[in-house]
Each structure stands twice: as C-alpha cells, then as structure tokens.
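Reading through the structure tokens given below for one structure.
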Amino acid sequence: AQSVTQPDIHITVSEGASLELRCNYSYGATPYLFWYVQSPGQGLQLLLKYFSGDTLVQGIKGFEAEFKRSQSSFNLRKPSVHWSDAAEYFCAVDHLGGATNKLIFGTGTLLAVQP
Amino acid sequence: DVKVTQSSRYLVKRTGEKVFLECVQDMDHENMFWYRQDPGLGLRLIYFSYDVKMKEKGDIPEGYSVSREKKERFSLILESASTNQTSMYLCASSLAGGLNNEQFFGPGTRLTVL
Numbered sequence: 415a416q417s418v419t420q421p422d423i424h425i426t427v428s429e430g431a432s433l434e435l436r437c438n439y440s441y442g443a444t445p446y447l448f449w450y451v452q453s454p455g456q457g458l459q460l461l462l463k464y465f466s467g468d469t470l471v472q473g474i475k476g477f478e479a480e481f482k483r484s485q486s487s488f489n490l491r492k493p494s495v496h497w498s499d500a501a502e503y504f505c506a507v508d509h510l511g512g513a514t515n516k517l518i519f520g521t522g523t524l525l526a527v528q529p
Numbered sequence: 220d221v222k223v224t225q226s227s228r229y230l231v232k233r234t235g236e237k238v239f240l241e242c243v244q245d246m247d248h249e250n251m252f253w254y255r256q257d258p259g260l261g262l263r264l265i266y267f268s269y270d271v272k273m274k275e276k277g278d279i280p281e282g283y284s285v286s287r288e289k290k291e292r293f294s295l296i297l298e299s300a301s302t303n304q305t306s307m308y309l310c311a312s313s314l315a316g317g318l319n320n321e322q323f324f325g326p327g328t329r330l331t332v333l
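Chains as they are written, first to last, in the numbering used here: chain X, 415 to 529; chain G, 220 to 333.
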C-alpha cells in the first residue's frame, strides 16, 4: 500500500543545534512532496515543496529538504534550531499530481527545543 | 492575505446531536478538503470536493457527510455525533491541478463529543 513514514514520533534538540527530520514514502514514480509545520493550536503551514528539478529545496524559516530517489526519502533539515521551531512537522505526498491534489500525510514528528 | 476560516475553534456537543462544521476560503480555490487529526495518526482525509456540488469520499468517510453549495464554502456534517468523533478537524483548500497543489489550512476545530 502507498504510505508515508515519519519514523521519529518525538525529537528533542538543543537550541542552536542542527536538525534533521526523516520522511520516507512508498510510491513507484516520483511524487510531489511537501513538508508542513503545525504550531500549537494552529493549522498547518507549508514549509517547502518538491515537484521536480534540483533535489535540494529551500523553504521558509531557514528549512531545506533533500529528495533522494534511491532512498525514497525527503528529509527536512535546519542548520541551527530556534526555540520558535518547536512544533509538529508533517511530511506529505501527492502521488497523483492531478486535479484533485489529494495528499497522504505522515503521522508527524513532534519537535521540542530545549534551551 | 489568503485565508481559510473555520466557524468554531472549540465545540462541545452531546452524543446523538447533529453537528455542522463550516469552512470558508477566500482564494477562489476549486478543491476543498476535510481532515481529522488524532495523536499518532496524523491527518486522515474524510471527504474532499473538487467543484461545487461535487464530492468524493476520502479514507474515513463513515459517520460523516459534506455539502458544497457555493465554491467558497465546504461543510462537514456529523449526522449523529459519537464519542469516537472527538477530534481536531482541519479544513483545507487548493487550486486545481499540477504545480498549484499546495493546500492551505484553516486553524482547526477541536470537537468534543460527550
């Protein structure tokens, strides 16, 4: 079955440390890939997206993600985490790329930032 | 500034009540979506609509129905609320097709069914 996996349920990093959140998908072709962030009590906000071309994608708030076809991965990274990055992060895939734009979401990774 | 609004941030209802959750977008988007979000399960698609009066079931439509009479408004209906429908409900919208398929989300409605 088609799926999106975020293996880390909860991650804690120190402020200023680097961050990598993992995302793996299981689809035959290259899907459209997204990372969303959800701050406490808020809806989801798009961080970045990948459709084609350069496999390293830059997003908002200093985040980037790299698409690796051989590993079916789309990991999110940030070189230096700020306390305001504490939130839940969702990887999502649109495997159809068609008019309906249906997304399949991972189960999320909750990021805590300690001083 | 683009916006998706949901009628309530918090809602408390009793078992058996009919519940309406409203979502409005001001971006002239064709597609609209209803998700529920539960800890450890991520977001699961309940229903989506790709045009006025058009709807399709998502992954977990049981116990829910939807209505889209106008392009900007998409309603989720719980015909007879049950305690297992206690959840966070998120509405989203997007343009149709191709590279424009970013979904924009509302702030969510946290529904508690007693």
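The beta-carbon is built from N, C-alpha and C at its ideal position, and this holds for glycine as well.
Computed from a prediction, not measured in an experiment: that's the story for all the values here.
- With respect to chain X, the C-beta atom of G:Asn303 has no partner C-beta closer than 7 Å.
- With the rule of 3 Cβ pairs closer than 8 Å, the segment 278-298 of chain G counts as touching the segment 223-243 of chain G.
- According to DSSP, residue pairing for G:Asp270 in a beta bridge involves G:Met273.
- Between X:Ile425 and X:Ala443, the alpha-carbon positions lie close to 30 Å from each other.
- Contact between the segment 258-275 of chain G and the segment 517-524 of chain X is established, with three or more Cβ pairs separated by less than 8 Å.
- Contact of G:Leu295 with chain X is not assigned, every C-beta pair being separated by 7 Å or more.
- Within its own chain, the residues whose Cβ lies closer than 6 Å to the Cβ of G:Met251, once the five positions on either side in sequence are excluded, are Ser268, Phe293 and Ser312, listed in chain order.
- If you draw a straight line from the Cα of X:Val418 to the Cα of X:Ser466, it comes to about 19 Å.
- Closest option to G:Gln225, judged by alpha-carbon separation, among G:Lys274, G:Glu291, G:Asp257 and G:Thr234: G:Glu291.
- Neighbours of G:Pro326 in chain X, taken as residues at a C-beta separation under 7 Å, are given in chain order as Gln456 and Gly457.
- For chain X, the residues of the segment 229-255 of chain G that bring a beta carbon within less than 9 Å of one of its beta carbons are Glu249, Asn250, Phe252 and Tyr254, in chain order.
- One thing to note: G:Val223 has its Cβ within 7 Å of the Cβ of G:Phe323.
- Just measuring C-alpha positions, the residue of X:Ser487, X:Leu458 and X:Tyr503 sitting nearest G:Gly327 is X:Leu458.
- X:Pro493 and X:Ser432 do touch by the CB rule: their CB atoms are close to 5 Å apart, below 8 Å.
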